[in-house]
Amino acid sequence: MISETMKKTLFLFVFLYSFLAASAQEGPEMADLMYSNGKIYVVVGVLLLIFAGIIAYLVAIDRKVSRVERELKEKQK
Amino acid sequence: MRNWWKILAVALLIYTLVMGLTGKVPALAIVHETIRNLYFHVTMWFGMIILFTIGLVYSIRYLAGMKQEHDIIASEAIFVGTLFGTLGLLTGSLWARYTWGAWWTVDPQLNGALAAMLAYFAYVILRGSMDEEQKRARISAVYNIFAYVMMLIFIIIIPKFTNVDSMPPGKGGNPGFNTYDLDSNMRAVFYPAIIGWTLLGLWMMQLRVRIRRLKASGNI
Numbered sequence: 089m090i091s092e093t094m095k096k097t098l099f100l101f102v103f104l105y106s107f108l109a110a111s112a113q114e115g116p117e118m119a120d121l122m123y124s125n126g127k128i129y130v131v132v133g134v135l136l137l138i139f140a141g142i143i144a145y146l147v148a149i150d151r152k153v154s155r156v157e158r159e160l161k162e163k164q165k
Numbered sequence: 134m135r136n137w138w139k140i141l142a143v144a145l146l147i148y149t150l151v152m153g154l155t156g157k158v159p160a161l162a163i164v165h166e167t168i169r170n171l172y173f174h175v176t177m178w179f180g181m182i183i184l185f186t187i188g189l190v191y192s193i194r195y196l197a198g199m200k201q202e203h204d205i206i207a208s209e210a211i212f213v214g215t216l217f218g219t220l221g222l223l224t225g226s227l228w229a230r231y232t233w234g235a236w237w238t239v240d241p242q243l244n245g246a247l248a249a250m251l252a253y254f255a256y257v258i259l260r261g262s263m264d265e266e267q268k269r270a271r272i273s274a275v276y277n278i279f280a281y282v283m284m285l286i287f288i289i290i291i292p293k294f295t296n297v298d299s300m301p302p303g304k305g306g307n308p309g310f311n312t313y314d315l316d317s318n319m320r321a322v323f324y325p326a327i328i329g330w331t332l333l334g335l336w337m338m339q340l341r342v343r344i345r346r347l348k349a350s351g352n353i
């Protein structure tokens with residue numbers, strides 16, 4: 089269950105990141121998405137990466153707690 | 134899918150971060166782009182109130198049934214709520230510095246928020262000061278009901294009935310939420326942001342509750 093959650097979460101980030109990266113490379117123009125609007129999208133990218141790190145950390149704790157819960161259940165059997 | 138709400142939290146917060154920074158906002162005097170703080174600062178307070186309400190419900194349930202499980206949920210909801218409130222105070226102070234020109238102002242809304250937070254800091258300290266489990270659970274549950282009422286009085290009731298020109302947006306003639314309320318662009322980010330941050334808080338709370346349960350089982 090949990091690893092499924094983690095996979096889906098990671099997939100979501102990879103999807104989003106590749107979307108950003110792909111849209112940044114479109115067309116021959118140099119003034120692409122990442123350079124437009126005062127480069128605000130670069131800030132968006134940085135925030136998303138930091139957020140991804142925090143979520144990955146939360147997911148890791150979640151999995152660890154789940155594992156201990158499972159171990160405890162088996163021990164009690 | 135037991136953990137669908139955690140995925141929902143992440144999805145909503147990604148949406149909040151992207152749209153919060155790049156979405157269309159009304160051009161307003163004084164606040165300018167900082168109006169985007171609505172999605173990050175104000176949502177902390179919404180999340181805090183929801184977490185504290187969970188704390189209140191479980192404190193009452195504890196007093197009704199004296200089940201340790203309810204004490205665990207109540208206290209962890211309050212710990213995460215206190216974290217949200219502290220972040221709300223800090224981000225509010227930073228926002229105030231660059232819109233009103235001061236880190237803190239003598240304002241019923243601001244001092245009320247601070248007083249409400251102090252009531253909950255007192256809860257945390259009160260819990261920490263007692264070793265005996267059942268006594269700690271009972272006393273902190275009773276105190277929590279008091280703290281919740283104080284919180285409502287300080288952050289909702291008193292600011293409403295003071296005639297002082299309050300500085301937070303929407304009060305005392307400042308450009309405010311009445312303007313934003315009409316803006317459907319902002320609403321489309323603000324409401325998902327509230328749900329997203331609140332779900333993230335619930336996730337943190339759930340983790341803490343599970344760790345406490347493991348500890349309570351005595352096998353750790």
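Residue numbers (the working numbering), protein chains in the order written: chain G, 89 to 165; chain L, 134 to 353.
For each residue, glycine too, the CB sits at the ideal point set by N, CA and C.
These numbers come from a predicted model, not from an experiment.
- When only Cα atoms are considered, ARG151 of chain G and TRP336 of chain L end up about 13 Å apart.
- Using a Cβ distance threshold of 7 Å, PRO292 of chain L and TYR148 of chain L do not count as a contacting pair.
- Here DSSP, grouped into helix, strand and coil, assigns SER124 of chain G to coil.
- The C-beta distance from THR155 of chain L to VAL132 of chain G rounds to 6 Å, short enough to fall under 8 Å.
- Distance between THR232 of chain L and GLY198 of chain L, taken at the CA atoms: about 49 Å.
- In this chain, the alpha helix (DSSP H) harbouring ASN318 of chain L covers 317-349.
- In terms of beta-carbon proximity, LEU135 of chain G lines the interface with chain L, with at least one pair separated by less than 7 Å.
- Sorting L:GLY351, L:ALA210, L:PRO159, L:ILE193 by C-alpha distance to the C-alpha of ARG271 of chain L places L:ILE193 at the top.
- Taking a Cβ-Cβ cut-off of 9 Å, the neighbours of ARG343 of chain L in chain G comprise ASP150, VAL153, SER154, VAL156, GLU157, given in sequence order.
- Under a 10 Å Cβ-count criterion, ASN125 of chain G is classified as exposed, with fewer than 16 other Cβ atoms of the shown protein chains found around its own Cβ.
- Note on geometry: alpha-carbon atoms of ALA248 of chain L and MET284 of chain L lie some 8 Å from one another.
- Taking a contact to require three or more Cβ pairs closer than 8 Å, the segment 165-175 of chain L and the segment 220-231 of chain L qualify as touching.
- Short of 6 Å from the beta carbon of ILE205 of chain L, and not among the five residues preceding or following it, lie these beta carbons of its own chain, in chain order: VAL342, ARG345.
- Using a CB distance cut-off of 7 Å, VAL130 of chain G does not count as an interface residue toward chain L.
- Between LEU216 of chain L and chain G, the shortest Cβ-Cβ separation is not below 7 Å.
- For TYR256 of chain L, the number of other beta carbons within 10 angstroms of its own is at least 16, and it is reported as buried.
- With a threshold of 7 Å between beta carbons, ILE143 of chain G makes contact with chain L.
- Contact of LEU145 of chain L with chain G is not assigned, every C-beta pair being separated by 7 Å or more.
- A residue is called buried once 16 or more other Cβ atoms fall within 10 Å of its Cβ, and MET134 of chain L, having fewer, is exposed.
- In the three-state reduction of the DSSP assignment, SER192 of chain L falls in the helix class.
- Nearest to ALA144 of chain L by alpha-carbon distance, out of G:LYS161, G:PHE139, G:TYR123, is G:PHE139.
- At the C-beta level, GLY180 of chain L and GLY334 of chain L come within 7 Å of one another.
- Uninterrupted alpha helix (DSSP H) stretches at least 4 residues long and entirely within the segment 165-236 of chain L occur at 174-198, 201-232, given in chain order.
- In terms of Cα proximity to PRO241 of chain L, the closest of L:LEU222, L:ALA274, L:ILE288, L:GLU265 is L:ILE288.
- When Cβ-Cβ separations below 7 Å define contact, VAL158 of chain L makes no contact with chain G.
- Excluding sequence positions up to five before and after GLU92 of chain G, its CB lies less than 7 Å from no other CB in the same chain.
- Interface annotation, LEU150 of chain L: in contact with chain G, CB-CB separation under 7 Å.
- Contacts with chain G at 7 Å (Cβ-Cβ) do not include LEU335 of chain L.
- Taking a beta-carbon distance threshold of 7 Å, LEU247 of chain L does not count as an interface residue toward chain G.
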